[in-house]
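Student: The structure follows.
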Amino acid sequence: MGKMTVYHGSYTAVMQPKIIKGKNTKDFGTGFYCTIIREQAERWAKRYDKGIVNAYAVRMDTSLKILEFKEMTEDWLDFIIDCRHGISHDYDIVIGAMANDQIYNYIADYMDGIITREQFWVLARFKYPTHQINFCSDAALKCLEFLSWEEVS
Numbered sequence: 005m006g007k008m009t010v011y012h013g014s015y016t017a018v019m020q021p022k023i024i025k026g027k028n029t030k031d032f033g034t035g036f037y038c039t040i041i042r043e044q045a046e047r048w049a050k051r052y053d054k055g056i057v058n059a060y061a062v063r064m065d066t067s068l069k070i071l072e073f074k075e076m077t078e079d080w081l082d083f084i085i086d087c088r089h090g091i092s093h094d095y096d097i098v099i100g101a102m103a104n105d106q107i108y109n110y111i112a113d114y115m116d117g118i119i120t121r122e123q124f125w126v127l128a129r130f131k132y133p134t135h136q137i138n139f140c141s142d143a144a145l146k147c148l149e150f151l152s153w154e155e156v157s
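Whatever position you read off the sequence shown (first residue = 1), add 4 for this note's numbering.
Shown next as C-alpha cells:
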C-alpha cells in the first residue's frame with residue numbers, strides 16, 4: 005500500500021502522536037484520529053482559540069488488524085454505537101465515515117427509541133461525506149510520519 009497524507013486538527017502541533025484516553029467516547033473508540041479531508045481537520049482545529057492542522061505521511065502496515073467501513077452500513081452503525089457505549093475492540097486501525105454532531109444526534113435518537121433504524125438511514129444518507137482514521141494502538145501510530153503543522157483561523 006502506498007503512502008497517503010492525513011490531517012489531524014488540534015490546538016497544538018503534534019509531532020509525536022499519542023493515544024490519550026479521554027473522558028468522552030468516540031466513534032471508533034480510543035485512539036489518535038486523523039482524516040484524509042484537510043477541510044475536515046480545519047473544522048476540528050477551529051474549535052480551539054488557536055487551531056492547528058497537523059499533516060502526516062501514512063504507510064499502512066498490512067500486518068496490523070485494520071477495519072475499514074467503505075460506506076455507512078448497518079455494521080458501521082452498530083460499531084459506532086458499541087464504541088460510544090465504551091465497548092472496546094481489538095483493531096489497530098479503524099477507517100470510515102464520521103458520525104458528526106448531526107449524524108450522532110440521529111444515532112442518539114435511534115438509541116433512545118425516538119426514531120427507527122429505517123428513519124435513521126433516511127436522515128443520515130443526505131449528509132455531506134466525512135472521513136476518519138483512528139490509530140488505536142502504539143503499533144498503528146508507527147505508520148505515521150510527521151510532516152508539518154499550520155495554524156488556521
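Ideal Cβ placement from N, Cα and C applies to all residues, glycine included.
#1: CB-CB under 8 Å to residue 49, same chain, minus the five flanking residues each way: which ones, in chain order?
#2: First and last residue of the alpha helix (DSSP H) that includes residue 78?
#3: In this structure, does DSSP put residue 150 in helix, strand or coil?
#4: Who are the Cβ neighbours of residue 61 in its own chain at under 7 Å, not counting the five residues just before and after it?
#5: Please list the terminal residues of the continuous beta strand (DSSP E) segment that includes residue 18.
#6: Taking one C-beta from the stretch 134-146 and one from the stretch 84-104 each time, how about it: are there three or more such pairs within less than 8 Å?
#7: Would you mind sorting residue 99 into buried or exposed? The rule is 16 or more other CB atoms within 10 Å of its CB.
#8: The alpha helix (DSSP H) spanning residue 107 covers which residue range?
#9: On the DSSP letters alone, give me the boundaries of the beta strand (DSSP E) that residue 101 sits inside.
#10: Provide the residue span of the beta strand (DSSP E) that contains residue 36, from first to last.
#11: Taking the alpha-carbon positions, what's the residue 63 to residue 147 distance?
Tutor: So, from the listed chains and residues:
#1: Within the sequence shown, the letter at position 45 stands for residue 49. Within the same chain, residue 49 has close Cβ partners 13, 14, 15, 55, 56, 57 and 156.
#2: The residue labelled residue 78 in the question sits at position 74 within the sequence shown. Where residue 78 is concerned, the enclosing alpha helix (DSSP H) stretches over 78-88.
#3: One-based indexing of the sequence shown puts residue 150 at position 146. Strand at residue 150.
#4: One-based indexing of the sequence shown puts residue 61 at position 57. Excluding positions up to five away in sequence, the list reads 7, 9, 149 and 151.
#5: Locating residue 18 in the sequence shown gives position 14, where the first residue counts as 1. Premise fails: residue 18 is in no beta strand (DSSP E) and is neither H nor E.
#6: Between the stretch 134-146 and the stretch 84-104, the count of Cβ pairs shorter than 8 Å is three or higher; the stretches touch.
#7: Locating residue 99 in the sequence shown gives position 95, counting from the first residue. It counts as buried.
#8: Numbered from 1 along the sequence shown, position 103 holds the residue referred to as residue 107. Looking at the DSSP string, the run of the alpha helix (DSSP H) that includes residue 107 is 105-115.
#9: The residue you call residue 101 lines up with position 97 of the sequence shown. Premise fails: residue 101 is in no beta strand (DSSP E) and is neither H nor E.
#10: Reading the sequence shown from its first residue, position 32 is the one you call residue 36. Element bounds for residue 36: 36-38.
#11: Position 59 of the sequence shown, counted from the first residue, corresponds to residue 63. Position 143 of the sequence shown, counted from the first residue, corresponds to residue 147. Spanning the two alpha carbons is a distance of roughly 5 Å.
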